[in-house]
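Student: I have a structure here, written as structure tokens, and I will follow up with some questions on it.
Protein chains: 4
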Amino acid sequence: MVIIVNSSSEEKFNELIDWIKGQNLQPHIVRGDFSTIVGLVGDTSRVDIEQIRSFDIVRDVRRVEEPYKQANRKFHPKDTIVRINDNVSIGGPNNFTFMAGPCSVETEEQIIGIARSVKAAGAQILRGGAFKPRTSPYSFQGLGADGIKLLLEAKKETGLPIVTELMNINHLPLFEDVDIIQIGARNMQNFDLLKEVGKTNKPILLKRGLANTIRELLMSAEYIMSSGNENVILCERGIRTFETATRNTLDLSSVPVLHECTHLPVIVDPSHATGKSRLVRPMSMAAAACGANGLIIEVHNDPPHALCDGAQSLRPEQFAEVAKSVRLICAATREANAGLESPIA
Amino acid sequence: MVIIVNSSSEEKFNELIDWIKGQNLQPHIVRGDFSTIVGLVGDTSRVDIEQIRSFDIVRDVRRVEEPYKQANRKFHPKDTIVRINDNVSIGGPNNFTFMAGPCSVETEEQIIGIARSVKAAGAQILRGGAFKPRTSPYSFQGLGADGIKLLLEAKKETGLPIVTELMNINHLPLFEDVDIIQIGARNMQNFDLLKEVGKTNKPILLKRGLANTIRELLMSAEYIMSSGNENVILCERGIRTFETATRNTLDLSSVPVLHECTHLPVIVDPSHATGKSRLVRPMSMAAAACGANGLIIEVHNDPPHALCDGAQSLRPEQFAEVAKSVRLICAATREANAGLESPIA
Amino acid sequence: MVIIVNSSSEEKFNELIDWIKGQNLQPHIVRGDFSTIVGLVGDTSRVDIEQIRSFDIVRDVRRVEEPYKQANRKFHPKDTIVRINDNVSIGGPNNFTFMAGPCSVETEEQIIGIARSVKAAGAQILRGGAFKPRTSPYSFQGLGADGIKLLLEAKKETGLPIVTELMNINHLPLFEDVDIIQIGARNMQNFDLLKEVGKTNKPILLKRGLANTIRELLMSAEYIMSSGNENVILCERGIRTFETATRNTLDLSSVPVLHECTHLPVIVDPSHATGKSRLVRPMSMAAAACGANGLIIEVHNDPPHALCDGAQSLRPEQFAEVAKSVRLICAATREANAGLESPIA
Amino acid sequence: MVIIVNSSSEEKFNELIDWIKGQNLQPHIVRGDFSTIVGLVGDTSRVDIEQIRSFDIVRDVRRVEEPYKQANRKFHPKDTIVRINDNVSIGGPNNFTFMAGPCSVETEEQIIGIARSVKAAGAQILRGGAFKPRTSPYSFQGLGADGIKLLLEAKKETGLPIVTELMNINHLPLFEDVDIIQIGARNMQNFDLLKEVGKTNKPILLKRGLANTIRELLMSAEYIMSSGNENVILCERGIRTFETATRNTLDLSSVPVLHECTHLPVIVDPSHATGKSRLVRPMSMAAAACGANGLIIEVHNDPPHALCDGAQSLRPEQFAEVAKSVRLICAATREANAGLESPIA
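Keeping their order, the protein sequence lines are chains G, P, V and W.
Here the working numbering is used: position 107 in the first sequence is 107, and no number is missing along the way.
Here the working numbering is used: position 86 in the second sequence is 431, and no number is missing along the way.
Here the working numbering is used: position 284 in the third sequence is 974, and no number is missing along the way.
Here the working numbering is used: position 51 in the fourth sequence is 1086, and no number is missing along the way.
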């Protein structure tokens, strides 16, 4: 940790130094004309940066080491591979996972029909919303517990494992047979929810919040992991910027940045990021080319009659086309990366 | 509602028009060379804009009326005044409310001491965190239920009503004697939590999310109100931008914008917005000058030893200075607004 | 154009309608309870949206047609291919262009050495800065006219056409033998400069500004084109967001969005966007996969001793590796796109 | 300056240390398990941070001292007061300056009429655009040289000094009798233009760019000052964010932040920041309350017929109301600040 201090009052400086020593840390002091640099070396992960900032004379504080430990590649160099069932695992250089399905589960025919067609197109996991976070209280809020039942029907019919969003701690019992629990972007910093899913041993798909940094995403993963659950899958789904041509701005650079920082798998959601079905194919291909471990894509048999987010949904035959294109890119990417020490140049 | 359609396929256009009529809405069609405009007039608040977007030929859809009703000033022109107790009410041109207290409740002496000093300086409400949302699982998470007990002690000692944050539906019983429930920025779109506090009759202080628009803030207020609770107080606390000189960017324009759109009171939090104690005074004065109904300010007796957010906390004597300055601005603002039809020019 | 009007004063409404008719436009009126929709059909590209907004009763105005014409794919469906010399053309499905070279031209040996090595690795165009826009007046500002001379030396030695930035109208005569004039991100809305390069017939590489929308980029291209120069190449180079892990956020979705909106070629600059050399390879591959027409990449023989932006520069052998990987992705992308009506799903 | 280095290769570390010593700087080294901190003390303002970043092993670099010198309050503690003429000075605690006038100069009657009415309402300076930066080449571009002549007519008639925007180095001779040269937001980093106006001795009104940080604004001021012109007035005019309720987000916190960092005066432009005339009054009052040295406000006699930006223009009688309200706030602010060591708490 590095602390930058105004070279003003010797008394206040000594107060700070005493406080640091009280935390069992050793300060190293470099004095300049206007500023003094205090370097702290050692385990500072439990030091609260805000407390240091509250000393008047402190101008800036900066961590040297990352504040996440269990998610940190430095301490776990090998890629985490999250095992879903005997056939499906997520992460590592040899898996590329397609998750596909409708924004909302609507009826038994709908979800089973879509499940069959995305399976035929190569999807390994079925997604579908039962509990839906909607900006407006007047919008369709999802089928809830009934939606989970329909997803489980579709799982039984097709053998596809399922991923669906949990919004409320008290709904956890309903997720008993769900294969992957999704924590949505709006709940990325719902810390009580993170702690609770951290106590299960289910794979967790953790989506990046709309205005959250990559570091904050990792700190939220750390909440889950430090509660005991290491099966975390990260998901980039676009951030908020001033650009209005797309719903959000898909931050694909986060994929290689995350691969450097963490051993956890990284999935990309081009449907929510762009909000436009016709951008899903090129952005899926781009995601595969920069090292994503998989994609989560909205597919609906009848987008204009979808109960939510139809504008970004592909029809099953379009999804099949996307999957085919992405597989070509995955093969080329593997060939390009072969022999490199790390896929990051 | 206005729908902009590519003038391409007559068949697809008719499909859209049929769908619209199926929703009991009357389309008005204006044809151009490349585009057709379809105007929908009537109650479109329950129409899901996403469903319209999912028709291939639709290029854009835009609401003409706001999607919020209960929070909308158009339907409730008079300012809502939220009554806290016999002495304290929030909202309207004649009240200006100071909420002050520490980021975290730490000890009985601390919270009672601060409560006394902020009361002496003119605060009408005591704030203090018991359950704390922290980015890192390794940071102090608040005293929890014990923190609430200490706040109630301070309330008993000083008579000040208290405001504290609720993060978890299951903690609601602990908030029985809390006067105002705060919903924090990170939970602004935790819709299950909003619905739950909507079922109580307690005043709710709803903070704007870090990357949420003013309209989304109003939709979250609508969640609470449509669940039955009209005692909502909005809070601007800074949004995320590229600027790094301050922790967030305090969006003071949101104050007059909100006063136009809604009848609910608007409070400003300069402490979290700026993250720097020395910016709290000028930004508090600015908030008062543009029409805020009050301020929520962090005050700590010993900022460097605060267990969180010390850098943005004022010492009690500094808070007294801020309150004095703000009262001068409030008086000038009232004088300036006197005789105007509306305080917005 | 759609105008949304508060249904308040009949007199003010008639004033607006008269103004519209005075512009030779025909208003179509759809009346609702609180609002009235006025649709304008016809050539509204010269109507100033701001003038309409200045009528008190107007709540919102929205263009139905894009305000750019010469850059608009609607009017020019075929891809523009910008011819640089007998061997090099930019744009269209069959060209993929590598531009590479140092941030700054430093010495004759440096620029000729880099030119040779990037040519050997497959670059078709040499980039190099002579006039450098630097945030600080105390940073190295480029060799200026001498830098242009050295670039021309390197062109003579290697046959590579050159691209370099113009910052000042009065320097235009120095660019006589430059093959492509770059307009940098900071000058994207330096309209006098745009008009001036619009009067030449040189290819212009127009970089997107740090906080400019895709539409604004197209309007800046329109400035150049409407001045007479149709040889415009667009460049995505990252936008400003709250994320700090990368220098800017590379907005790759802009690539397919631009291909929909315009016929002009789109180049991606992963070096400036990410600011980190080790992210250049994955982001270059991603750019190729989502349809970029080429890349502009910083290459320096000795990054730590580069006079600017060394952190984002590749060494020549790293660039060769990137180029090889990108070619694999380009081949896969072409295979994936073959037979599709449009590469956007 | 603080450099954070990965503790990996001793050889690479020594290379870095040698390079530092070659710059005549003394490195202070603090070693940790994974990282080493290198502190550099002394005059590092001419060290290029990018060059240090380009060493592979460097993870982060951070300046301890600000990179601006002439604009820095640390070296010039006293407020700069820019003298416009015998009657008007800008800056310092005792002046508050109103600049007002139309977005564009249109006709002699218009500009003289507005000049008279804003003078009567208390404006000390007349603003008006002659050369207009417009996003679209098809929008009105201003009257150019003729606009300057009309402004000079209005100056002669009313005695008001004038401020107008310069977009092109070659137009400088036309600005001979202009009192204050405005550098617009889009040209804040047009460094050649900054250097050129730095060679004049005219007061320069430098507007913050839409996506520029406070530090970058100061570096642009430094360009002007280091070229020899110390008469720089800074202007906050809103930054780009995701919020769409206002045209930009007025960053009022920048006012006290700038007062801390620099001795230069700070003016606020609520018209461009909000884009809505009815928000001008509250935001002007807020600007005065947080310490702005003045305001620049758009006023037009007939907003709906203004040739640009009518939506944000006040009518003269509305401006008079704003000025009156602001004067009340200024008086209250002065009273509040009296006796304080610094107006920042």
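Just so it is clear, CB atoms sit at the ideal spot from N, CA and C, and this is done for glycine as well.
Owing to the predicted nature of the structure, the values given are computational and were not obtained by experimental measurement.
Among P:M444, P:V644, P:V375, which has the Cα closest to the Cα of V:M691?
Tutor: If you number the third sequence from 1, residue 691 of chain V lands on position 1. V:M691 has its Cα closest to that of P:V375, out of P:M444, P:V644, P:V375.
Student: Quick one: complete beta strand (DSSP E) runs, 3+ long, within the stretch 696–753 of chain V?
Tutor: For the stretch 696–753 of chain V, whole beta strand (DSSP E) runs of length 3 or above, ordered along the chain, are 716–721, 725–731, 748–752.
Student: Confirm, please, whether the CB-CB distance from V:T939 to G:S249 is below 8 Å.
Tutor: Counted from its first residue, the first sequence places residue 249 of chain G at position 249. Counted from its first residue, the third sequence places residue 939 of chain V at position 249. One detail in the question is off: residue 249 of chain G reads as Thr in this sequence, not Ser. It is a contact, given that the beta carbons lie within the stated cut-off.
Student: Taking only beta carbons into account, state which residues of the stretch 947–971 of chain V come closer than 8 Å to chain P, listed in chain order.
Tutor: If the cut-off is 8 Å between Cβ atoms, the stretch 947–971 of chain V has nothing near chain P.
Student: Check the Cβ of V:A996 against every Cβ in chain W and list those closer than 9 Å, keeping chain order.
Tutor: The residue given as residue 996 of chain V occupies position 306 in the third sequence. Simply E1085, Q1086, S1089.
Student: Return the bridge partner residues of W:V1267 from the DSSP annotation.
Tutor: Start at 1 with the first residue of the fourth sequence, and residue 1267 of chain W comes out as number 232. The partner list for W:V1267 (beta bridge, DSSP) reads W:I1239.
Student: Report yes or no: do the stretch 781–790 of chain V and the stretch 971–986 of chain V share at least 3 C-beta pairs separated by less than 8 Å?
Tutor: Yes, since at least three Cβ pairs between the stretch 781–790 of chain V and the stretch 971–986 of chain V fall closer than 8 Å, the two stretches touch.
Student: The alpha helix (DSSP H) with W:T1309 in it runs from where to where?
Tutor: Indexing the fourth sequence from 1 puts residue 1309 of chain W at position 274. Here the alpha helix (DSSP H) through W:T1309 covers 1305–1309.
Student: How would you call P:R428, buried or exposed, if buried means at least 16 neighbouring beta carbons within 10 angstroms?
Tutor: As a working mapping, residue 428 of chain P is identified with position 83 in the second sequence. Classification for P:R428: exposed.
Student: Is the stretch 154–163 of chain G in contact with the stretch 119–136 of chain G, if contact means three or more CB pairs nearer than 8 Å?
Tutor: A contact exists between the stretch 154–163 of chain G and the stretch 119–136 of chain G.
Student: Closer than 8 Å, CB to CB, is W:T1170 near chain V or not?
Tutor: For the purposes of this step, residue 1170 of chain W is taken as residue 135 along the fourth sequence, with counting starting at 1. It does; some Cβ of chain V falls within 8 Å.
Student: Report yes if the C-beta of W:E1046 is less than 7 Å from at least one heavy atom of the ligand ATP; otherwise report no.
Tutor: With respect to the ligand ATP, the structure shown offers nothing to examine, as it has no ligands at all.
Student: With a threshold of 8 Å between beta-carbons, can W:S1042 be considered close to chain G, or not?
Tutor: Taking the fourth sequence and counting its residues from 1, one reaches residue 1042 of chain W at position 7. False, the Cβ-Cβ gap to chain G never drops below 8 Å.
Student: Less than 8 Å between the C-beta atoms of G:M167 and P:F536, yes or no?
Tutor: Taking the first residue of the first sequence as 1, we reach residue 167 of chain G at position 167. Taking the first residue of the second sequence as 1, we reach residue 536 of chain P at position 191. The answer is yes: Cβ separation under 8 Å.
Student: For the candidate residues P:Q371, P:V403, P:D363, whose alpha-carbon lies nearest to that of P:D388?
Tutor: Numbered from its first residue, the second sequence carries residue 388 of chain P at position 43. Measuring from the Cα of P:D388, the nearest candidate turns out to be P:Q371.
Student: With a threshold of 8 Å between beta carbons, is G:Q318 in contact with chain C?
Tutor: Absent from the structure is chain C; the protein chains it does hold are G, P, V and W.
Student: For a contact meaning CB atoms closer than 7 Å, what does G:E335 contact in chain V?
Tutor: Looking up residue 335 of chain G in the first sequence gives position 335. Those within 7 Å of G:E335 in chain V are L1018.
Student: Beta carbon of G:R208, beta carbon of G:L217: below 8 Å?
Tutor: Residue mapping note: residue 208 of chain G aligns to position 208 of the first sequence, counting from 1. Residue mapping note: residue 217 of chain G aligns to position 217 of the first sequence, counting from 1. Yes, the Cβ-Cβ distance between G:R208 and G:L217 is below 8 Å.
Student: Please name the residue, chosen from G:G101, G:D179, G:K21, that lies closest to G:D86 on a Cα-to-Cα basis.
Tutor: The residue labelled residue 86 of chain G in the question sits at position 86 within the first sequence. G:D86 has its Cα closest to that of G:D179, out of G:G101, G:D179, G:K21.
Student: Report yes or no: is there a C-beta of chain V within less than 8 Å of the C-beta of W:E1251?
Tutor: Numbered from 1 along the fourth sequence, position 216 holds the residue referred to as residue 1251 of chain W. Taking Cβ atoms only, chain V reaches closer than 8 Å to W:E1251, which makes this a yes.
Student: By Cβ distance, which residues of its chain are closer than 6 Å to P:R408, with the 5 residues on each side in sequence left out?
Tutor: Numbered from its first residue, the second sequence carries residue 408 of chain P at position 63. For P:R408, where only same-chain residues beyond five positions count, the Cβ hits under 6 Å are M346.
Student: Under 8 Å, CB to CB, which of the residues in the stretch 1061–1075 of chain W have a partner in chain G?
Tutor: The stretch 1061–1075 of chain W vs chain G, Cβ under 8 Å: H1063, V1065, R1066, G1067, D1068, F1069, S1070, I1072, G1074.
Student: On a Cα-Cα basis, can you pick out the residue from G:S139, G:K78, G:E10, G:A154 that is closest to P:Y413?
Tutor: Reading the second sequence from its first residue, position 68 is the one you call residue 413 of chain P. Taking only the C-alpha atoms, the option nearest P:Y413 is G:S139.
Student: Select from the stretch 855–880 of chain V all residues with a C-beta closer than 8 Å to any C-beta belonging to chain P, and list them in chain order.
Tutor: The residues in question: there are none.
Student: Could you spell out where the alpha helix (DSSP H) holding G:L328 opens and where it closes?
Tutor: Within the first sequence, the letter at position 328 stands for residue 328 of chain G. Per DSSP, G:L328 belongs to the alpha helix (DSSP H) from 316–337.
Student: Examine the Cβ distances between the stretch 642–660 of chain P and the stretch 1314–1326 of chain W and report whether three or more of them are shorter than 8 Å.
Tutor: As far as the Cβ criterion goes, the stretch 642–660 of chain P does not touch the stretch 1314–1326 of chain W, which means the pair count is below three.
Student: So that I know if they touch, is there some Cβ in chain W lying closer than 8 Å to that of V:M691?
Tutor: One-based indexing of the third sequence puts residue 691 of chain V at position 1. So, not an interface residue.
Student: Using 8 Å as the threshold, is the C-beta distance between P:A466 and P:P661 below it?
Tutor: Counting from one through the second sequence, the residue named residue 466 of chain P turns up at place 121. Counting from one through the second sequence, the residue named residue 661 of chain P turns up at place 316. Contact: yes.
Student: Would a check of beta-carbon distances place W:I1149 closer than 8 Å to chain P?
Tutor: Position 114 of the fourth sequence, counted from the start, is the residue given in the question as residue 1149 of chain W. Chain P, which has no Cβ nearer than 8 Å to the Cβ of W:I1149, makes this no.
Student: Looking at chain P, is there any beta carbon in it that lies within less than 8 Å of the beta carbon of G:S45?
Tutor: Taking the first residue of the first sequence as 1, we reach residue 45 of chain G at position 45. Cβ-Cβ to chain P under 8 Å: yes for G:S45.
Student: For a minimum of 3 consecutive residues, which ranges assigned as the beta strand (DSSP E) are wholly contained in the stretch 233–297 of chain G?
Tutor: List check, beta strand (DSSP E) in window: 266–268.
Student: Starting from G:F242, find everything on chain W with Cβ-Cβ shorter than 7 Å and list it in chain order.
Tutor: As a first step, residue 242 of chain G is located in the first sequence; it is residue number 242 there, counting from the start. Those within 7 Å of G:F242 in chain W are R1275, T1276, F1277.
Student: Touch check for the stretch 1044–1053 of chain W and the stretch 1012–1025 of chain V: three-plus C-beta pairs under 8 Å?
Tutor: Taking 8 Å as the limit for Cβ pairs, the verdict is that the stretch 1012–1025 of chain V does not touch the stretch 1044–1053 of chain W.
Student: Do V:L900 and V:C925 have their C-beta atoms closer together than 8 Å?
Tutor: Residue 900 of chain V sits at position 210 when you count from the first residue of the third sequence. Residue 925 of chain V sits at position 235 when you count from the first residue of the third sequence. No. Outside cutoff.
Student: Note the first and the last residue of the continuous alpha helix (DSSP H) segment covering W:Q1145.
Tutor: On the fourth sequence, residue 1145 of chain W is found 110 positions in, with the first residue counted as 1. Counting along the chain, the alpha helix (DSSP H) containing W:Q1145 begins and ends at 1143–1155.
Student: So, helix, strand or coil for P:M512, using DSSP?
Tutor: In the second sequence, residue 512 of chain P corresponds to position 167, counting from 1. In this structure, P:M512 counts as coil in the three-state DSSP scheme.
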